[in-house]
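**Student:**
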Amino acid sequence: MKIAEGRVLKGHKIGLTSKAMQASSQISEPDYGALLDDMFFHDGSDIPTDRFIVPRIEVELAFVLAKPLRGPNCTLFDVYNATDYVIPALELIDARCHNIDPETQRRAKCSTPSPTTPPTPG
1 MKIAEGRVLK GHKIGLTSKA MQASSQISEP DYGALLDDMF FHDGSDIPTD
51 RFIVPRIEVE LAFVLAKPLR GPNCTLFDVY NATDYVIPAL ELIDARCHNI
101 DPETQRRAKC STPSPTTPPT PG
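Under UniProt numbering, the letters of the sequence shown match residues 1 to 122, in that order.
Structure representation (structure tokens):
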């Protein structure tokens, strides 16, 4: 739907890849999602703070692929062979809802997916 509205697919993200993080999040497998063009910020650009509720930063590795990965049975070697280069990236993570409901002042129950914003090579 977002792509139909004109946003451009720029990549993909996987998260919660360690068993420890999966256990703390009460899930049994990594999560994943699409990276769209409006999720990236270039070095030195202004980041609109009103777009975030509780922003935080995580250090990540961004794999820039030379060729696409296909199929459900990709191996570590498939990823290695498809990778053009790897760069350090900063990921802005955010809550998707307020921790305290503004109307009731009670703690809200919500999840916190991660919009990713790795830098792009200059």
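Even glycine gets a Cβ: it sits at the ideal position worked out from N, Cα and C.
#1: Roughly how many angstroms lie between the CA atoms of Ala62 and Ala95, to the nearest whole one?
#2: Indicate the three-state DSSP secondary structure (helix, strand or coil) for Thr117 in the structure shown.
#3: Is Leu76 helix, strand or coil when you go by DSSP?
#4: Residues in its own chain within less than 7 Å of Asp37 by CB, not counting five upstream and five downstream?
#5: Looking at C-alpha atoms only, which residue of Pro48, Arg51 and Lys67 is the closest neighbour of Asp84?
#6: Look up Ser111 in the DSSP assignment and say whether it is helix, strand or coil.
#7: Return the CA-CA distance between Asp50 and Met21, expressed in angstroms with no decimal places.
#8: Below 8 Å on the Cβ atoms is my contact criterion, and I expect Glu91 with Glu60 to pass it. Report the Cβ-Cβ distance as a whole number of Å.
#9: Considering only residues of the same chain and omitting the five flanking positions on each side of Thr117, which have a CB-CB separation below 6 Å?
**Tutor:** Considering the structure as presented:
#1: 22 Å
#2: Only weak support exists for where Thr117 lies, its pLDDT of 48 falling under 50; the coordinates are left without a value.
#3: helix
#4: Arg7, Val8 and Lys10
#5: Selected option, being the one with the closest Cα: Lys67.
#6: With a pLDDT of 48 at Ser111, under the threshold of 50, the predicted position of this residue should be treated as unreliable, and no value is reported.
#7: 28 Å
#8: Indeed they touch by this definition, with Cβ atoms about 5 Å apart.
#9: At Thr117 the pLDDT is 48, less than 50, meaning the model places this residue with poor confidence and gives no usable figure here.
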